[in-house]
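Reviewing the structure listed below.
Protein chains: 2
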Amino acid sequence: MTVTLLVCSTCRAGEPVPEGTLPAGTRLVAALEALGPVPGVTLRPVECLSACSQGCAVALSAPGRWSYVYGRMSEADAPQILAGAAAYAAAPDGIVPWRERPEIFRKQSLARIPPIGEPT
Amino acid sequence: MTVTLLVCSTCRAGEPVPEGTLPAGTRLVAALEALGPVPGVTLRPVECLSACSQGCAVALSAPGRWSYVYGRMSEADAPQILAGAAAYAAAPDGIVPWRERPEIFRKQSLARIPPIGEPT
Numbered sequence: 000m001t002v003t004l005l006v007c008s009t010c011r012a013g014e015p016v017p018e019g020t021l022p023a024g025t026r027l028v029a030a031l032e033a034l035g036p037v038p039g040v041t042l043r044p045v046e047c048l049s050a051c052s053q054g055c056a057v058a059l060s061a062p063g064r065w066s067y068v069y070g071r072m073s074e075a076d077a078p079q080i081l082a083g084a085a086a087y088a089a090a091p092d093g094i095v096p097w098r099e100r101p102e103i104f105r106k107q108s109l110a111r112i113p114p115i116g117e118p119t
Numbered sequence: 000m001t002v003t004l005l006v007c008s009t010c011r012a013g014e015p016v017p018e019g020t021l022p023a024g025t026r027l028v029a030a031l032e033a034l035g036p037v038p039g040v041t042l043r044p045v046e047c048l049s050a051c052s053q054g055c056a057v058a059l060s061a062p063g064r065w066s067y068v069y070g071r072m073s074e075a076d077a078p079q080i081l082a083g084a085a086a087y088a089a090a091p092d093g094i095v096p097w098r099e100r101p102e103i104f105r106k107q108s109l110a111r112i113p114p115i116g117e118p119t
């Protein structure tokens with residue numbers, strides 16, 4: 000299944016953004032793009048995931064699956080973020096076994112939301 | 000449209016749960032249920048929204064709409080939570096004008112996720 004990796008491209012991560020520099024979220028998007036596309040993962044920059052105090056924020060979602068939001072991400076985390084996104088895409092139900100999740104996903108969860116419109 | 004109000008029923012909100020007492024999340028669910036159903040809003044208790052350090056957590060979602068997650072909620076917030084859920088249900092696109100959102104939603108956002116599977 001193709002899943003979506005949402006990245007807040009406007010996040011300042013609590014830092015000032017001096018003229019001539021880019022916000023942390025924009026730099027994170029660039030770092031993810033520079034690592035090249037990951038099969039089954041569509042990178043989608045979005046304006047604000049409303050997790051500003053815990054930015055940079057990223058989210059994983061796909062139809063019929065739990066969505067996950069992670070915070071306090073930086074450019075240096077780009078390889079782990081893509082590895083975690085690939086694992087999410089590869090898991091038949093999107094639920095990656097705990098030990099197989101990147102450490103930043105295990106420790107920096109902001110929230111998860113169950114599949115939308117599914118019965119309890 | 001009928002929207003879903005997800006409430007983490009297992010949340011301890013960082014408190015110990017002595018024997019014979021109920022976790023904060025369970026008490027929040029009970030407080031919401033006691034206020035009676037809200038037209039257009041389905042209350043759905045879930046086990047863990049993975050926002051444990053910011054609990055109690057609730058989320059609003061519906062097909063084709065942005066999902067919202069809010070944290071640091073307690074029983075005392077039940078009326079505002081239901082008012083916010085009703086506003087979300089009533090808004091044609093689920094996007095409630097900022098000033099019409101309950102204060103706890105304006106100040107205690109944990110994250111939002113765009114409609115799943117929608118194009119950018």
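Chains as they are written, first to last, in numbering that gives the first Met the number 0: chain Z, 0 to 119; chain U, 0 to 119.
Where is the CB? At the ideal position from N, CA and C, for every residue including glycine.
Item: Neighbour-count burial assignment, Leu31 of chain U, 16 or more Cβ in a 10 Å radius; Value: buried
Item: Which listed residue (U:Arg64, U:Ser73, U:Thr25, U:Glu14) has its alpha carbon closest to that of Ala90 of chain U; Value: U:Arg64
Item: Strand pairing of Ala58 of chain Z, partner residues [DSSP]; Value: Z:Leu5, Z:Val68
Item: Own chain residues within Cβ distance below 6 angstroms of Ala110 of chain Z, not counting five before or after; Value: Val68
Item: Spatial distance of Leu59 of chain U from Gly24 of chain Z (CA atoms); Value: 25 angstroms
Item: Between the CA atoms of Ser8 of chain U and Ala88 of chain U - distance to the nearest angstrom; Value: 22 angstroms
Item: 9 angstroms Cβ cutoff met for Met0 of chain U and Ala86 of chain U; Value: no
Item: Own chain residues within Cβ distance below 6 angstroms of Val16 of chain Z, not counting five before or after; Value: Pro22
Item: Gly70 of chain Z classed as buried or exposed, judged by whether at least 16 other C-beta atoms fall within 10 angstroms; Value: buried
Item: Span separating the alpha-carbon of Glu14 of chain U from that of Ser49 of chain U; Value: 16 angstroms
Item: Residue from Z:Gly19, Z:Glu74, Z:Leu42 whose Cα sits closest to the Cα of Cys55 of chain Z; Value: Z:Glu74
Item: Euclidean distance between Cα positions of Gly39 of chain Z and Val28 of chain Z; Value: 17 angstroms
Item: 7 angstroms Cβ cut-off: residues of chain Z touching Arg111 of chain U; Value: Leu48, Ser49
Item: N- and C-terminal bounds of the alpha helix (DSSP H) containing Arg26 of chain Z; Value: 23-33
Item: Collapsed DSSP secondary structure at Ala88 of chain U in the structure displayed; Value: helix
Item: C-alpha gap between Gly93 of chain U and Pro44 of chain U, whole angstroms; Value: 21 angstroms
Item: Coil, strand or helix - Ile80 of chain U by DSSP; Value: helix
Item: Beta-carbon proximity check, Ile115 of chain U vs Ile115 of chain Z, cutoff 9 angstroms; Value: yes
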